[in-house]
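Colleague: One structure, as structure tokens, below. Some questions next.
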Amino acid sequence: MDKLNHYRKIIHQILVPYSQIIYNNADIQNRLAFDPQNDQYLVISEGWQQNQRYHDCLIHLEIINEKIWV
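Next up, the structure:
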């Protein structure tokens, strides 16, 4: 169980800086979606770009069988 908690902590430390990225050419923000119970971790980019709605999954990580899947 310590290994899983260690992986969760590392994933959190790696993904948090992605939520702080500022885009100069569009009104887009990166958001974090963490589900530690199911070991699913996402960085989602959303907002507006040239009058169009923008929504994309930048990073999706999972912990499966004590391994990190990208």
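Residue numbering for the sequence shown follows our numbering, beginning at -7 and increasing consecutively. For every residue, glycine included, the Cβ atom is placed at its ideal position computed from N, Cα and C.
1. Look at I2 and R23 and say whether their C-beta atoms are less than 8 Å apart.
2. Who does A25 pair with in a DSSP beta bridge?
3. Give me the DSSP bridge partner(s) of K59.
4. So S58 and H47 are supposed to be a Cβ contact under 8 Å. How far apart are they, rounded?
Modeller: On the basis of the data shown:
1. Contact flag unset, no.
2. Answer is L34.
3. K59 is bridged to I56.
4. Note that residue 58 is Glu in the sequence shown, not Ser. The beta-carbon separation of E58 and H47, rounded to 31 Å, does not stay under the 8 Å limit for a contact.
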